[in-house]
Amino acid sequence: MPQYRACCRIGSAIAISFADVIPQARLPRKAGRLPCQAPGFGISRCGSPQKHETMMRLTRYFLPVLKENPAEAQIVSHRYMLRAGMIKQQAAGIYSWLPMGYRVLRRIEQIVHEEQQRAGHVPLLMPTLQPADLWRESGRYDDYGQEMLRIRDRHERDMLYGPTNEEMITDIFRAHVESYKALPLTLYHIQWKFRDEIRPRFGVMRGREFLMKDGYNFDIDKEAALHAYNRHMVSYLRTYERMGLTAIPMRAASGPIGGDNTHEFLVLAATGESEVFYDDRVTALKLGQREINYDDRAEVAGVCAEFTRLYARTDETHDVAAFEAVPEAHRKAGRGIEVGQIFYFGTKYSEPMGATVVTPDGARVPVHMGSHGIGVSRLLGAIIEASHDDKGIIWPEGVTPFPVGIVNLKQGDAATDAACEGLYAGLRARGLEPLYDDRDERAGAKFATMDLIGLPWRITVGPRGLAAGKVELTSRRTGESEEMSPEAAVARIAQIYEGR
RNA sequence: CGGGGCGUAGCGCAGUCUGGUAGCGCGACGGUUUUGGGUACCGUAGGUCGUGAGUUCGAAUCUCGCCGCCCCGACCA
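In this note's numbering, each residue's number is its place in the first sequence (first place is 1) plus 1279.
In structure tokens, the structure reads:
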């Protein structure tokens, strides 16, 4: 993908080597209709070794960890993101993404791109600032209220920082699509949005500026549009699963976007903002490795039926009578974090904005649309809420900023230094990029840092084990350790990440 | 936007009531020590006390205004 290479000059060592933590995607082509290419963002996804590669060593990295809890953070994900040096607040609900947070953000973004393109959806990029006139066409300029950040440029033109993109994508569509032959079409982008929340809180979970994937389908009729809706549901299930999350689709209320068909995806967590009621057997449903043909309407609808058959609703649509029908042993109430939502809204935007196509028999009809969002930046918080302990974050392998950490217990000792560098090189040769803690710190301090930042695996290298030719491989999640040769450790890590 | 709270060193806080020119812990830096779970000791650096005005011989401290942030509520991916 040479076209993405050019972007790499933004980054020095960090941006370039970040590329390689993301293994080449292995996407089955049968379902997708386009080659799967994710936009670059300065990330080369090519597998070939880079020149001038820099080892990710902690003494040369930027990881401002905090030993104590910042006073402003109330919930665990916010506390850990601050303590693990992932984010820094710049204003209420607005954050800088420090290197560690940025890596995870990009990793999540990457998974979203891959799964969208696997489903046949086409990436593009729309601006953050939009002209108000587009929103006057749909009538939402007045409807949206104070949540929309309105800006005036030097020529006194009304602009806004987009909270969503239905109007703009409809404008793009109507400018370029005239025929039913161009359908079905789903365009999506991952872009920063702004909603001027009255009270931002919980760190990136409820920021004012947030990164969101939003996709829009254009179809000839309602049936085709509902297939797009189902396709999104399945692709979202797969997306969340790859991130190590159990996100349950729940029937939702439509809100300001409009439409009858809508589901929200919720991750169960005590700190969630939504009250949820569900049959707990939904949490056992998994997509797993099954192959899905996204063009097969019946197959996709079948998967949706499987995942929505059991009762699962938010308080907005809660139906007490239906809930009572769930066997008592499986009846659960709790809280959830909303990490995505899909809508079918028909011709709500295409009609007033004149987004029409000509049918085979020469008629001109408005297209049927839906929109589909994933809260990308919010997912960082949701994942941490769902995966942590009292020592810190526990990253699922799918989204971890580094696959493994190497801890050198005796920095400066020729044998341990050499063993660590050997491990590093061995892992790099397998396409994995470890984080090497080469600081001159006590073992306890190094372990505490590793636990806090939550890499799923740790290789500990000390003189004691090395005397017997062994290093120690430890799982962050279980805490279990196993002694083995460095070569075996490399092989084990490579095996764990194979296919990711 | 209504209600409450807080702004003092990078982080967590004391000092404010009762005005006298700023302190503790962690962190950082330099040593000694230690070396498989945030070691111990010695030393060093670091502060427009959010901001503006006022009262006073003198303001972190009292008065008024402004700004920012946090919490509860209503609102939201």
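Backbone N, C-alpha and C define an ideal beta-carbon position, used for all residues, glycine too.
Pairwise C-alpha distance: residue j and residue i
i, j, result
"F1320", "A1563", "Low confidence applies to F1320: its pLDDT is 33, below 50, so where it sits in the model is not reliable enough to give any reading."
"W1471", "H1511", "21 Å"
"L1464", "I1738", "47 Å"
"C1315", "I1469", "Any reading at C1315 needs caution, since the residue's pLDDT is 34, under 50, leaving its predicted position unreliable; the model's value is listed next. Roughly 16 Å between the two C-alpha positions."
"S1417", "M1379", "40 Å"
"H1506", "R1576", "6 Å"
"A1370", "A1352", "14 Å"
"M1491", "L1377", "18 Å"
"M1365", "M1522", "18 Å"
"Q1409", "M1447", "8 Å"
"A1722", "F1622", "51 Å"
"L1516", "V1605", "23 Å"
"P1639", "M1648", "19 Å"
"Q1620", "K1367", "27 Å"
"G1625", "S1553", "27 Å"
"I1499", "K1460", "9 Å"
"N1496", "F1726", "48 Å"
"G1641", "P1402", "30 Å"
"T1518", "K1689", "41 Å"
"N1544", "V1646", "Looking at the sequence itself, residue 1544 is Phe, so the reference to Asn does not match. Cα to Cα, the separation comes out at about 26 Å."
"L1466", "E1435", "32 Å"
Residue i, enclosing beta strand (DSSP E) - first and last residue
i, result
"T1635", "T1635 to V1637"
"V1618", "R1610 to G1625"
"K1670", "Per DSSP, K1670 belongs to no beta strand (DSSP E) and is neither H nor E."
"R1530", "A1526 to R1530"
"Y1557", "S1553 to D1558"
"G1494", "E1488 to D1498"
"R1474", "Where R1474 is concerned, there is no enclosing beta strand (DSSP E), given that its DSSP letter is neither H nor E."
"V1546", "N1540 to L1547"
"G1684", "G1684 to N1687"
Nearest neighbour of residue i, chosen from the options [CA to CA]
i, options, result
"K1462", "I1732, V1644 and E1712", "It should be noted that the sequence gives Leu, not Lys, for residue 1462. Looking at the Cα atoms, V1644 is the closest of the given residues."
"D1669", "M1379, R1339 and I1354", "I1354"
"A1747", "A1694, D1412, E1488 and Q1620", "A1694"
"E1664", "G1733, R1576, I1499 and S1458", "G1733"
"T1757", "G1660, Y1590, V1740 and D1730", "D1730"
"A1411", "L1403, R1385 and R1431", "R1431"
"L1337", "V1582, M1648, P1713 and W1414", "P1713"
"C1583", "L1566, E1502 and V1599", "L1566"
"Y1440", "R1433, P1528, E1446 and R1474", "R1474"
"A1350", "L1361, Y1340 and L1342", "L1361"
"G1551", "Y1515, E1520, G1660 and E1578", "G1660"
"E1347", "R1358, F1341 and R1339", "R1358"
"R1487", "S1458, M1427 and A1532", "M1427"
"A1770", "V1579, V1750 and R1755", "V1750"
"A1504", "F1481, P1528, T1541 and E1520", "T1541"
"P1631", "L1384, D1450 and R1429", "D1450"
"Q1774", "V1599, E1676 and A1600", "E1676"
"S1764", "V1599, C1699 and A1363", "C1699"
"V1618", "A1767, H1455 and I1653", "I1653"
Nonlocal neighbours in the same chain, by C-beta distance under 6 Å from residue i, ignoring five residues either side
i, result
"F1556", "R1592, H1597, F1602 and A1612"
"R1560", "L1589 and H1609"
"R1485", "P1479"
"S1514", "E1394 and A1398"
"E1761", "L1752"
"H1651", "G1494, H1511 and I1621"
Host alpha helix (DSSP H) of residue i (start-end)
i, result
"P1631", "S1629 to M1632"
"M1648", "Counting along the chain, M1648 falls outside any alpha helix (DSSP H), though it belongs to the beta strand (DSSP E) covering H1647 to G1654."
"G1780", "This structure cannot speak to residue 1780, because the chain is shown only from 1280 to 1779."
"R1397", "P1378 to R1397"
"V1599", "V1599 to E1603"
"E1520", "K1501 to R1521"
"I1708", "Note that residue 1708 is Ala in the sequence shown here, rather than Ile. Note, A1708: alpha helix (DSSP H), A1693 to A1708."
"R1419", "R1419 to D1422"
Residues near residue i in its chain [Cβ-Cβ closer than 7 Å; skip 5 each side]
i, result
"S1291", "Interpretation of S1291 is limited by its pLDDT of 31, a score under 50 that renders its predicted location unreliable; no figure is taken from the coordinates."
"M1247", "With the chain covering only 1280 through 1779, there is no way to say anything about residue 1247."
"I1772", "P1682, V1683, L1706, L1711 and W1736"
"T1679", "L1734 and P1735"
"E1607", "none"
"E1595", "A1531 and A1532"
"H1667", "V1355, Y1359 and I1673"
Residue i beta carbon near the ligand COA (any heavy atom closer than 7 Å)
i, result
"M1379", "Only the bare structure without any ligand can be found here, which leaves the ligand COA out of the picture."
Cβ-based neighbour list, residue i, same chain, cut-off 8 Å, excluding 5 preceding and 5 following
i, result
"A1548", "R1614, G1615, I1616, A1661, E1664 and A1665"
"S1458", "V1636 and V1637"
"A1580", "H1506 and N1509"
Review point. Unbroken beta strand (DSSP E) runs of length 3 or more, entirely within the segment 1710-1776: which are they?
Key: 1714-1716, 1736-1740, 1750-1754 and 1760-1763
Review point. Where are the beta strand (DSSP E) runs, 3 residues long or more, that stay fully inside the segment 1424-1466, in chain order?
Key: 1428-1431 and 1437-1440
Exercise for review: Please go through the segment 1347-1372 and give each complete beta strand (DSSP E) segment of 3 or more residues, from N-terminal end onward.
Suggested key: 1366-1370
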